[in-house]
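Q: In order, the protein sequence lines correspond to chains R and B.
Going by the working numbering, the first sequence opens with residue 1, and the numbers climb by one from there.
Going by the working numbering, the second sequence opens with residue 304, and the numbers climb by one from there.
All C-beta atoms in this analysis are idealised placements derived from N, C-alpha and C, irrespective of residue type, glycine included.
Mind having a look at this structure? Questions to follow.
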Amino acid sequence: MALIEARGLGKTYGAKRAVDDLSFVVRPGSVTGFLGPNGSGKSTTMRLMLGLDNGDGSTTFDGRRFGELEHPMRHVGALLEAKPFHPTRHARDHLRMLAASNRIPDGRVDEVMDLVGLGSVAKGKPGKFSLGMGQRLGLAAALLGNPHTLILDEPSNGLDPQGIHWLRDLLKHLAGEGRAVFVSSHLLQEMAVLADQLVVIGRGRMLANGAVSEFISRSSLGAVEVRSPDAAVLAPRLTALGAELTSEGGVLVARGLTAEQIGDEAHAVGARLHQLVTRQATLEEAFLEATGLAEEFRGGGEA
Amino acid sequence: MIDALRYEYLRLRTIRSTYWLIGSAVAFQLVMSIVLAASISSSDTFSGGDSAFEIIATIGASSGFAPLFIAYIIGLFGVLSMGHEYRHGMIRATLTAIPHRTYVLAAKIVATTVVSALAALVCILVALLSIVGFGLDLPTAKALVDLGLGTIVFTVLFALSGLAFAAITRNQTAAVALLLLVPSVLESIIRAIVIAIKGASDEPGEDGGFIQILKFLPYDAGGKLYTRASLDDLLSFLGYTPFGPLGGGIVMAVFVAALLAISYVLFVRRDA
């Protein structure tokens, strides 16, 4: 069981503050999704956590920094970039080499090769691997030391739909065993079904940190669908209460009020209700809303 | 540190360049030493001995008229030792396996030293085999040890400078270019400029002075480890007296140590 505690992480490139005072906790037994627009500092943050980049703050794994861990692959498995291997060194040899540095037996190499579905190409040259196979080899390296913590940067890159499904099951299974899994991804729908917790950043700053359900429910993009034969009476009252109304195929969609508020108001004005349904924002909607102002590269935005 | 050495050992064993570089150096030495030994065996001038051994073992470099080719081939081994880390994006995987950067660099230095020394030793033995094979007189023990050791030390220092160039530039191609150009082109340009200035001075034959800079051209100075005659000897009329094998070796060793020190500082401080 490992608790990741990141405190005050920061990184400056020239005049640009790429990561600014990020603090968060990744708990064992959970998958924590790491979201942010392109260039928001996710990869830099992960490198800071592992001591690969110099910067402010510190990250501890059960109270110890990464550099203080003896045989770190036995504690923390990391996948930081696609295809981090020599193109002509056999896949199995690549893992044997990493295993040797952490006193991991060769038998474990064969286990993880099979686990990620590369057992049949163990003697293959990674230079000829597809991006998805390369990601699987990277995952195999991360899992090599049977670590209690995983830090994975866009692990689903290049995976086909079956591969993404496999990865989701694998990460959920690993978290279910009590491991801490910290994973970045740009596949928001995937993250919605995979992650328990979220760390959302924009321009290197923390935008949200907490349970996925909380993040979504906080979004103003949640709406209440109202079906009423007395919509003409009800609509002006809801607008007066601050609701933003749209009509979708005869259904009134109200944003800014809860179902309870709308029900009470309908009762007060004597409007009949045939349907009152709360529609939550999707993770994608909540994410776009949260990062909308921080999106560095959005069209027409601040350079 | 032991773990970093285990990593480096597996890294070298499981990559083709280790074999083709050492194989190329030995094959080159084998072919050329056979050609030279055959030539000498049919010559009336030499019957073997120290001079023949020196020429065959260094493939003519001991004359000072040619570079030590095996050092250039084995030197690439030093470049690749660090160059592969950056060229193939391995450095982050390496440092997440072994976060102690001092150990990572030290293991590469140890591995490069051992492998390049062994490769150079094999090349010397190949030369001896050629001498024996063609029935030439064997060298004296002193010549064998002096030249053998000098060749091995130069090759090791040369390979380590390649490793340092790769660590400093973080670019394999740039490091190869530096390793080839600094000894063969840059030092020649500096030598030409210094000689021209000295020759044009009021007293070109005066001992010492400006021309002594040439003694500190690192690869040229290190070449004294295996040369038994040199173009530099022709410069004595300009008051230039080069270092001997020990002095020249020390100059090159200090230069390589400085390069490695810079590499270390940068490697430890830079982002991976």
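Over the uninterrupted alpha helix (DSSP H) stretch that includes residue 285 of chain R, give me the two end residues.
A: For this step, residue 285 of chain R is matched to residue 285 along the first sequence. Taken as a continuous stretch (DSSP letters only), the alpha helix (DSSP H) holding residue 285 of chain R covers 283-292.
Q: Counting only C-beta atoms, is residue 310 of chain B closer than 8 Å to chain R at any point?
A: Along the second sequence, read from residue 1 onward, the residue named residue 310 of chain B stands at position 7. So, interface residue.
Q: Please report how far the alpha carbon of residue 292 of chain R lies from the alpha carbon of residue 315 of chain B, in whole angstroms.
A: On the first sequence, residue 292 of chain R is found 292 positions in, with the first residue counted as 1. On the second sequence, residue 315 of chain B is found 12 positions in, with the first residue counted as 1. Residue 292 of chain R and residue 315 of chain B: Cα-Cα distance of roughly 49 Å.
Q: Check each residue of the stretch 458-473 of chain B: if its Cβ is closer than 8 Å to any Cβ of chain R, include it; give the result in chain order.
A: none
Q: Under a Cβ-count criterion, where at least 16 other Cβ atoms within 10 Å of its own Cβ denotes burial, should residue 561 of chain B be classed as buried or exposed?
A: As a first step, residue 561 of chain B is located in the second sequence; it is residue number 258 there, counting from the start. When all chains shown are included, residue 561 of chain B counts as exposed.
Q: So what does DSSP say about residue 19 of chain R, is it helix, strand or coil?
A: For the purposes of this step, residue 19 of chain R is taken as the residue at position 19 of the first sequence. Residue 19 of chain R: strand per DSSP, three-state reduction.
Q: When burial is assigned at 16 or more other CB atoms within 10 Å of the CB, is residue 571 of chain B buried or exposed?
A: Within the second sequence, the letter at position 268 stands for residue 571 of chain B. Within a 10 Å sphere around the beta-carbon of residue 571 of chain B sit fewer than 16 other beta-carbons, which makes this residue exposed.
Q: Are residue 200 of chain R and residue 122 of chain R closer than 8 Å when you measure CB to CB?
A: Numbered from 1 along the first sequence, position 200 holds the residue referred to as residue 200 of chain R. Numbered from 1 along the first sequence, position 122 holds the residue referred to as residue 122 of chain R. Contact: no.
Q: Using CA atoms only, rank isn't needed, just tell me which of B/343, B/320, B/423 and B/399 is closest to residue 580 of chain B.
A: What is shown of chain B runs 304 to 575, which leaves residue 580 of chain B out entirely.
Q: Let me confirm a value: residue 197 of chain R is counted as buried when at least 16 other C-beta atoms fall within 10 Å, else exposed. Which label applies?
A: Counted from its first residue, the first sequence places residue 197 of chain R at position 197. Buried: at least 16 other Cβ atoms inside 10 Å.
Q: Could you give the DSSP three-state label for residue 309 of chain B: helix, strand or coil?
A: By one-based count along the second sequence, residue 309 of chain B stands at place 6. Three-state result, residue 309 of chain B: helix.
Q: Assuming residue 392 of chain B contacts residue 81 of chain R under a Cβ cut-off of 8 Å, what Cβ separation, rounded to an integer in Å, is found between them?
A: In the second sequence, the residue the question calls residue 392 of chain B occupies position 89. In the first sequence, the residue the question calls residue 81 of chain R occupies position 81. Right, the Cβ-Cβ distance comes to about 6 Å (below 8 Å), so this counts as a contact.
Q: Spell out a yes or no on whether the stretch 183-196 of chain R and the stretch 146-161 of chain R are touching, meaning 3 or more CB-CB pairs, one atom from each, closer than 8 Å.
A: yes
Q: Which partner residues does residue 244 of chain R have in the DSSP bridge list?
A: Counting from one through the first sequence, the residue named residue 244 of chain R turns up at place 244. Looking at the DSSP assignment, residue 244 of chain R forms a beta bridge with R/255.
Q: Quickly, what does DSSP pair residue 574 of chain B with across the bridge? List them, please.
A: Here residue 574 of chain B corresponds to residue number 271 of the second sequence, with the count starting at 1. Per DSSP, none; premise fails for residue 574 of chain B.
Q: Does DSSP put residue 25 of chain R in a helix, in a strand, or in coil?
A: Within the first sequence, numbered from 1, the residue matching residue 25 of chain R stands at position 25. The answer is strand: DSSP assigns residue 25 of chain R an E or B state.
Q: So the beta strand (DSSP E) residue 30 of chain R belongs to, where does it begin and stop?
A: In the first sequence, the residue the question calls residue 30 of chain R occupies position 30. Per DSSP, residue 30 of chain R belongs to the beta strand (DSSP E) from 30-35.
Q: Do residue 274 of chain R and residue 229 of chain R have their beta-carbon atoms positioned less than 8 Å apart in this structure?
A: As a position in the first sequence, residue 229 of chain R is number 229, starting the count at 1. As a position in the first sequence, residue 274 of chain R is number 274, starting the count at 1. Cβ distance < 8 Å, so residue 229 of chain R and residue 274 of chain R count as in contact.
Q: Quick check: the Cα distance between residue 547 of chain B and residue 57 of chain R, rounded to an integer number of angstroms?
A: Locating residue 547 of chain B in the second sequence gives position 244, where the first residue counts as 1. Locating residue 57 of chain R in the first sequence gives position 57, where the first residue counts as 1. Looking at the two C-alpha atoms, the distance is approximately 53 Å.
Q: My parser needs the beta strand (DSSP E) runs of 3 or more residues fully inside the stretch 29-89 of chain R; what are they?
A: 30-35, 56-61 and 76-79
Q: When you compare the CB positions of residue 118 of chain R and residue 142 of chain R, do they come within less than 8 Å of one another, or not?
A: Counting from 1 along the first sequence, the entry for residue 118 of chain R is found at position 118. Counting from 1 along the first sequence, the entry for residue 142 of chain R is found at position 142. No.
Q: Going along chain R, which residues have a C-beta under 7 Å from residue 398 of chain B?
A: The residue you call residue 398 of chain B lines up with position 95 of the second sequence. Identification of chain R residues near residue 398 of chain B by a Cβ-Cβ cut-off of 7 Å yields 52, ordered along the chain.
Q: Among B/317, B/385 and B/343, which has the Cα closest to the Cα of residue 477 of chain B?
A: One-based indexing of the second sequence puts residue 477 of chain B at position 174. Taking each of B/317, B/385 and B/343 in turn and checking the Cα distance to residue 477 of chain B, the smallest one comes out for B/385.
Q: Quick one: which chain B residues come within Cβ less than 8 Å of residue 67 of chain R?
A: Numbered from 1 along the first sequence, position 67 holds the residue referred to as residue 67 of chain R. Simply 402 and 403.
Q: Residue 129 of chain R by DSSP, collapsed to three states: which one?
A: Within the first sequence, numbered from 1, the residue matching residue 129 of chain R stands at position 129. Note: residue 129 of chain R maps to coil in three-state DSSP.
Q: Can you tell which of R/159, R/192 and R/107 has the C-alpha that lies nearest to the C-alpha of residue 284 of chain R?
A: Your numbering for residue 284 of chain R matches position 284 in the first sequence. Among R/159, R/192 and R/107, the Cα nearest to that of residue 284 of chain R belongs to R/192.
Q: Of all the CB atoms in chain B, is at least one closer than 8 Å to the CB of residue 290 of chain R?
A: As a working mapping, residue 290 of chain R is identified with position 290 in the first sequence. It does not; no Cβ of chain B falls within 8 Å.
Q: Starting from residue 182 of chain R, follow its DSSP beta bridges and name the residues at the other end.
A: Residue mapping note: residue 182 of chain R aligns to position 182 of the first sequence, counting from 1. According to DSSP, residue 182 of chain R bridges with R/32 and R/151.
Q: If the cut is a Cβ gap below 7 Å, which residues of chain R does residue 313 of chain B touch?
A: For the purposes of this step, residue 313 of chain B is identified with residue 10 of the second sequence, where counting begins at 1. 96, 97 and 100, listed in chain order.
Q: Let me know the secondary structure DSSP gives residue 401 of chain B once reduced to three states.
A: For this step, residue 401 of chain B is matched to residue 98 along the second sequence. Correct three-state label for residue 401 of chain B: coil.
Q: Got a sec: which bits of the stretch 63-93 of chain R sit with their beta carbon under 8 Å from any beta carbon on chain B, in order along the chain?
A: 66, 67, 69, 71, 72, 73, 76, 78, 80, 81, 83, 84, 85, 86, 87, 88, 89, 90 and 93
Q: Does the CB of residue 393 of chain B have a neighbour CB from chain R at under 8 Å?
A: Start at 1 with the first residue of the second sequence, and residue 393 of chain B comes out as number 90. Taking 8 Å as the threshold, the shortest C-beta distance from residue 393 of chain B to chain R falls below it.
Q: Taking residue 356 of chain B as the reference, give the member of B/567, B/442 and B/458 with the closest Cα.
A: Start at 1 with the first residue of the second sequence, and residue 356 of chain B comes out as number 53. When only C-alpha atoms are compared, the closest one is B/442.
Q: With C-beta atoms as the reference, is residue 369 of chain B less than 8 Å away from residue 363 of chain B?
A: Residue numbering aside, residue 369 of chain B sits at position 66 when the second sequence is read from its first letter. Residue numbering aside, residue 363 of chain B sits at position 60 when the second sequence is read from its first letter. The beta carbons of residue 369 of chain B and residue 363 of chain B sit closer together than 8 Å.
Q: Can you tell me whether residue 239 of chain R sits near the ligand ADP, meaning its C-beta is under 7 Å from at least one heavy atom of the ligand?
A: The ligand content of the structure shown is nil, which means the ligand ADP is not present either.
Q: Using the C-alpha atoms, what's the distance from residue 35 of chain R back to residue 299 of chain R?
A: Taking the first residue of the first sequence as position 1, residue 299 of chain R is located at position 299. Taking the first residue of the first sequence as position 1, residue 35 of chain R is located at position 35. Interpretation of residue 299 of chain R is limited by its pLDDT of 46, a score under 50 that renders its predicted location unreliable; no figure is taken from the coordinates.
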